[in-house]
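In full-length UniProt numbering, the protein residues as written are 1 to 126.
Presented below is the structure to which this report refers.
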């Protein structure tokens, strides 16, 4: 099952304030997400957020079509609340108020995956 990483450039020195924001995060209403036509497109399996100085990374564990995640997240109230609270701490502002803007940010901030290993892909008995 794949992982994705989304980057945020934040103002250094605000790690504790940002951690407090994420401590109050309102989870998505459902981990299931749909394609544009409404057909099932996958589900979110988990997320984690890491921060160090001016770098914050959100790691997303999912199954299905990654492109559909941005649309799903853009429709979540908790995501918009956290985006508003993070805005003062971002080094680079972006517009995530619309599904299109959120999708563009997701696409531009996604890190290139160069390796994903799991027990499922381990060559048993080698």
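Built from N, CA and C at the ideal position, the CB exists for glycine as well.
Everything numeric in this text was worked out from a predicted model, so none of it was measured.
Simplified DSSP state of residue 5, which is helix, strand or coil: Position 5 of the chain shown holds residue 5. Residue state for residue 5 is assigned as strand, using DSSP reduced to three classes.
Buried/exposed call for residue 83, threshold 16 Cβ in 10 Å: Position 83 of the chain shown, counted from the first residue, corresponds to residue 83. Answer is buried; the Cβ neighbour count reaches 16.
Continuous alpha helix (DSSP H) assignments of at least 4 residues falling wholly in the UniProt domain "SchA/CurD-like" (1–119): Within the UniProt domain "SchA/CurD-like" (1–119), the complete alpha helix (DSSP H) runs of at least 4 residues fall at 15–23, 66–74, 77–86 and 99–109.
Sufficient close CB pairs (3 or more, under 8 Å) joining the region 44–61 to the region 26–33: Yes: at least three Cβ pairs fall under 8 Å.
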